Amino acid sequence: GTDFIVAHPGESEELWQEALKKFKEFPLTHIHAFIFSPRNNTHSATMKDVINGTLAKERLNTLKSIVEKNNYEFRKKNQVSLEVLIENQKDGFFEGYDQFFNKIKIKSDKD
C-alpha cells in the first residue's frame, strides 16, 4: 500500500491521467488516499491552481475504485485460506484483517 494526496494545487488533468495510468498498471491493492488540505506556513498552501472540491472528490473516488479493483483481482488470483487477526466484535460480527491487510467481517452468533 501507499499514501496518496489527491487534488494537490497544480494537479493538471494531464498529471492526473498519468497518475491513474500508473495506478492501473501498478499492482497496489491498498491505498490511504485523501484530498489535499492546505497547512499554514507551507509552500503548498500558497500555490495557485487549486482543485475545486467536487472534482477532488471525483478524483478520490476514481482512485479508490481502481485500487479496489486491483485488490479484487489479486484476491481472485490468490485464493488461499485466510489467516485473520480478529480485532473486535460488534453487532454480531467479528472484524479483523487478513494476511494481505484486507478488512474481514465474519458474521457469528457466538462469542
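Going by my numbering, the first residue of the sequence shown is number 8, and it counts up by one from there. Cβ coordinates follow ideal geometry from the N, Cα and C atoms, glycine included. No experiment lies behind these values; they were computed from the predicted model shown.
query, result
"C-alpha distance - residue 103 paired with residue 96, whole-angstrom precision", "9 Å"
"Among 32, 116 and 18, nearest to residue 62 - alpha-carbon criterion", "18"
"Counted within 10 angstroms of its Cβ, other Cβ atoms place residue 58 as buried (16 or more) or exposed", "buried"
"Integer Cβ distance of residue 70 from residue 107, believed to fall under 8 Å", "The pair is not a contact, with the Cβ atoms about 20 Å apart (cut-off 8 Å)."
"Within the segment 46-117, ranges of the alpha helix (DSSP H) (whole runs, at least 4 residues)", "60-84"
"Proximity of residue 160 and residue 74 at Cβ, strictly below 8 Å", "Lying before the first or after the last residue shown, residue 160 is absent from the chain, which here runs from 8 to 118."
"Unbroken alpha helix (DSSP H) run spanning residue 26, endpoints", "20-32"
"Option nearest residue 116 by Cα separation, candidates 101, 110 and 67", "101"
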